[in-house]
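Visitor:
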Amino acid sequence: MSYVGKIYPSVLQFYDVKTKSQRNKSRPVLIIAEPIGKDTEYTVLPVSTLLNRRFYDPRYDVQIKVENFDKLRLTKDCFIRSHKQTTVYKANIDFNKLIGDLKNDYPDCFYDILDKLEKFNGEIQACAKR
52 MSYVGKIYPS VLQFYDVKTK SQRNKSRPVL IIAEPIGKDT EYTVLPVSTL
102 LNRRFYDPRY DVQIKVENFD KLRLTKDCFI RSHKQTTVYK ANIDFNKLIG
152 DLKNDYPDCF YDILDKLEKF NGEIQACAKR
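Numbering follows our numbering, in which position 66 of the sequence shown is assigned residue number 117; successive positions increment by one, without gaps.
1) I need the straight-line Cα distance from Ile27 to Thr94, nearest angstrom please.
2) Which residue from Arg74, Ser77, Leu96 puts its Cα closest to that of Ile83?
3) Using only the alpha-carbon positions, how far apart do Leu81 and Ile131 sit?
4) Who are the Cβ neighbours of Lys167 in its own chain at under 8 Å, not counting the five residues just before and after it?
5) Cβ of Val98 versus every heavy atom of the ligand SAM: is any distance shorter than 7 Å?
6) Under the assumption that Thr100 contacts Lys57 (Cβ atoms under 8 Å), give the Cβ distance between them as a whole number of angstroms.
7) Does DSSP put Ile87 in a helix, in a strand, or in coil?
8) To the nearest whole angstrom, what separates the beta carbons of Gly151 and Lys122, a pair I think is in contact under 8 Å?
9) Within 10 angstroms of the Cβ of Lys154, are there 16 or more other Cβ atoms? Answer buried if so, exposed if not.
10) Counting only the same chain and skipping the five closest in sequence on each side, list residues whose C-beta sits under 8 Å from that of Gln73.
11) Is DSSP giving Gly56 helix, strand or coil here?
12) Could you say which of Val55, Leu149, Val98 lies nearest to Lys76 if we only look at CA atoms?
If you want it as structure tokens, here you go:
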């Protein structure tokens with residue numbers, strides 16, 4: 052079974068400026084790639100509520116409104132951040148708690164996210180070649 056296109060809760064590290072330390076938090080992620088080779092890491096995009104909207108980037112953030120995505124088990128409006136891809140170890144993804152299947156239930160949105168991801172990665176490559 053492929054997990055690509057599905058949203059699951061995961062444990063991600065972040066730097067807490069208040070405590071000046073690394074901490075963990077549970078956050079939904081959209082899986083965009085299965086592990087490659089013997090690797091045990093999935094490539095994912097974070098799903099964030101973006102409480103501070105000054106971090107919103109209309110070129111790469113895709114808004115998910117609960118009312119328009121009723122097949123997803125999300126409780127708040129959020130954004131899928133196509134310019135924040137990362138990897139997560141398999142053990143840090145809770146595959147028993149499927150939040151939703153964006154690829155099958157909302158394919159237009161899923162492929163829009165992939166297009167934005169491709170655009171962002173192209174911009175990174177262009178910068179690196181300068």
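For glycine and all other residues, C-beta sits at the position ideal for the given N, C-alpha and C.
Guide: On the basis of the data shown:
1) As displayed, the chain neither begins before 52 nor continues past 181, which places residue 27 out of reach and without an answer.
2) Looking at Arg74, Ser77, Leu96, the one whose alpha-carbon comes closest to that of Ile83 is Leu96.
3) Near 8 Å, if we compare the C-alpha coordinates of Ile131 and Leu81.
4) Excluding residues within five positions, the ones whose Cβ falls inside 8 Å are Arg110, Tyr111, Val113, Ser133, His134.
5) Absent from the structure shown: the ligand SAM. Ligands present: none.
6) Approximately 19 Å separates the beta-carbon atoms of Thr100 and Lys57; this is outside 8 Å, ruling out the contact.
7) In the structure shown, Ile87 sits in coil (DSSP, three-state: anything other than H, G, I, E or B).
8) Indeed they touch by this definition, with Cβ atoms about 6 Å apart.
9) Buried is the call here.
10) For Gln73, where only same-chain residues beyond five positions count, the Cβ hits under 8 Å are Gln64, Phe65, Tyr66, Asp67.
11) Coil at Gly56, not helix or strand.
12) The shortest C-alpha separation from Lys76 is found at Val98.
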